[in-house]
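Residue numbers (the working numbering): 19 to 482.
Everything on this sheet refers to the single structure shown next.
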Amino acid sequence: MSTNHKSSHSQWSSKIGFLMAAVGSAVGLGSIWKFPYMTGDSGGSAFVIVFIISIALIGFPVLVTEWLIGRRGQSNPAASFRKAAVANNTSPAWSLLGYFGILAAFMILSFYSVIGGWSLNYTLKAGINAFGGLNADATGKIFETMLANPTEMTLWHTAFMGLTALIVAGGVSAGIEKASKIMMPALAFILLFIVGYNAINMDFAKGAEFLFKFDLQRMQEVGVGKVLMAALGHAFFCLSLGMAIMVSYGSYLKQDVDLLATARTVIIWDIIFSLAAGLAIFPILFSNHLDPAAGPGLVFVTLPIAFGQMSLGVVVGTLFFLLLTFAALTSSISILEPIVEFLEEKTPMSRKICTLVGAVATWAVGVLALLSFNKLSDFAVFTIHKNGKDIPQGIFDALDYTSSKIMLPLIGLGTIILIGWFINQESVKRELGLDGMKWTIWQIVVKFVAPIGIIAVFLTELLG
Ligand code: PFF
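Given below as structure tokens:
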């Protein structure tokens, strides 16, 4: 085990460990509170098919490319991009993709840790039966009271960031890999338990129907174009792309790892976890006559009503929030890593100090983000125009919008253009072990389909 890069660059200790860390990064809040709702609301299994196509055409090639560039560079994301460009006689300015990726990671982690804090807080609340017998008004009030209290949120945000830093400080194999090897099976086990509980005690058929019914008509109602853009956008976010994460994870990879096969496995597991999350959530909602919603409202307001009313609600509720916390934690460690790797290589500080510096800096921005729910609620960084409306963006929303809607797609676009147009194609062909028809398809996707898809998502978001 090497936690000190100064002697040698770290490596994953096993393929399965790397796989679990990568799946852990992918399976996060996006998979648990966004994907199931999107699926149910946009055509069920018809949407799942659209999503799988989106992943195949955009997520898959970008994921493979990020690992490839990281593995070739064996350095922090900025240096890896620079090396890839320079080795192909192109401008070193491509390193900007790495710098912006690290900046995006920094911005995303700051507000993600605040939500991770909510999740920890709710694990405790569920454990002490704080939701017992409550209705929607009452659970809504608990959530609002938390949002109005900066001290409470700061404490939980600190705890979540502390856990993240503690794991990352341990190093790549002894910290991230080991923690993922514990948390991912735990996550799978909890998910299986809740789905099993639902199958026995809840209206499982109705939940499964909402999630899986092949409903083209629903997709048409929402708008096929809109659904497609949402699926493409999510394919990007859910695989943790454009955030320097996978470039950094790739830099710890050995040559003998098959990038294409591993990417396929990560994607399959991400989809399995996301669909299982839907089967853990919707049967509980429908059995308790509640309407599904998306995002924080679903998890922090609607589900607690059900936990407070059903038998074994304390157990299932606590396990659910523990599941959410684990999912968030295996994502947050992955996004702190590129920041730490960068500091480790650019400064003489030890890994532990780099982790401390990275975590404290992101934590501080996170505190500003959480103040936008209370003390700074009137302060807008900028205003966006969506569906004919002006929507002011407080610090929390501005961090989210700028990183996920603007930086990630642009970084992804740059990455795919670099691999398709500027890097020696023979070397890519050899490294990926592709030939014949498969190589032709790869080239068409990477040179044309993926860039056009990313530009379309970006413009839809910006102009929509
Ligand atoms: N794939 C992750 C998710 O769906 O939540 C994306 C992510 C977000 C990774 C935030 C890491 C992170 F800190």
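Backbone N, C-alpha and C define an ideal beta-carbon position, used for all residues, glycine too.
In terms of CA proximity to isoleucine 424, Ile402 leads the group Arg89, Ile402, Ile185. If you compare the alpha carbons of Ala248, Leu426, Val334, Val190 with that of phenylalanine 53, the shortest gap goes to Ala248.
Glycine 135 places its beta carbon less than 8 Å from that of alanine 177. Cα atoms of alanine 474 and isoleucine 435: separation of roughly 15 Å, rounded to the nearest angstrom. In the three-state scheme derived from DSSP, where H, G and I count as helix and E and B as strand, proline 310 is classed as coil.
With a minimum length of 4 residues, the unbroken runs of alpha helix (DSSP H) contained wholly in the stretch 324 to 412 fall at 331 to 364, 369 to 389. Apart from sequence neighbours up to five positions away, the residues of its chain that approach tyrosine 215 with a beta-carbon distance below 8 Å are Leu330, Val334, ordered along the chain. Of Gly315, Ala74, Gln443, Ser63, the smallest CA-CA separation from alanine 279 is found for Ala74. With three or more CB-CB distances shorter than 8 Å, the stretch 296 to 306 counts as touching the stretch 221 to 230.
Put simply, of Ile285, Phe65, Trp51, Ala40 the residue whose alpha carbon is nearest the alpha carbon of threonine 343 is Trp51. Using a Cβ distance threshold of 8 Å, isoleucine 212 and leucine 81 do not count as a contacting pair. Rounded to the nearest whole angstrom, the CA to CA distance from tyrosine 270 to aspartate 309 is 44 Å. Scanning the stretch 129 to 155 from its first residue to its last, no whole alpha helix (DSSP H) run of 4-plus residues comes out.
Here asparagine 147 has Val332 as same chain residues with Cβ atoms under 7 Å from its own Cβ, once five neighbours each way along the sequence are excluded. In this structure, isoleucine 126 has its beta carbon less than 7 Å from a heavy atom of ligand 1. Take isoleucine 185, set aside five residues on each side of it, and the residues of its chain with a beta-carbon closer than 7 Å to its own are Gly193, Ile194, Ala197, Ile351, in chain order.
Alanine 156 and methionine 164 have their C-alpha atoms roughly 13 Å apart. Within the same chain, Cβ atoms closer than 8 Å to the Cβ of aspartate 408 are found at Thr401, Ile402, the five residues on either side in sequence being excluded. In this structure, proline 356 places its C-beta atom within 8 Å of the C-beta atom of isoleucine 120. DSSP places proline 469 inside the alpha helix (DSSP H), whose first and last residues are 468 to 481. Annotation for glycine 61 indicates a beta carbon at 7 Å or more from all heavy atoms of ligand 1.
Boundaries of the alpha helix (DSSP H) around serine 266: 263 to 268. Sequence-distant Cβ neighbours of phenylalanine 129 in its own chain, meaning closer than 7 Å and more than five residues away, are Gly384, Ala387, Phe414, Leu417, Asp418.
Secondary structure at aspartate 418: helix, using DSSP grouped into helix, strand and coil. Across the set Gly406, Glu359, Val467, Ala398, the C-alpha of Glu359 shows the shortest separation from the C-alpha of glutamine 29.
For phenylalanine 254, the shortest separation between its Cβ and any heavy atom of ligand 1 does not lie below 7 Å.
Counting along the chain, alanine 97 sits inside the alpha helix (DSSP H) bounded by residues 95 to 105.
Counting of Cβ neighbours within 10 angstroms places isoleucine 200 among the exposed residues, the total staying below 16. The straight-line gap separating the alpha-carbon atoms of threonine 172 and methionine 261 is approximately 25 Å. Counting only the Cα atoms, glycine 46 lies some 21 Å from isoleucine 71. With fewer than 16 other Cβ atoms from the protein chains shown falling within 10 Å of its own Cβ, arginine 448 counts as exposed. In the structure shown, phenylalanine 232 adopts coil according to DSSP, grouped into three states. When the Cα atoms are used, proline 410 and alanine 398 turn out to be separated by approximately 6 Å. The alpha carbon of phenylalanine 318 has as its nearest neighbour, out of Ile133, Asp221, Gly58, Phe466, the alpha carbon of Ile133. A check of alpha carbon separations from isoleucine 371 across Gly35, Ala187, Phe69 identifies Ala187 as the nearest.
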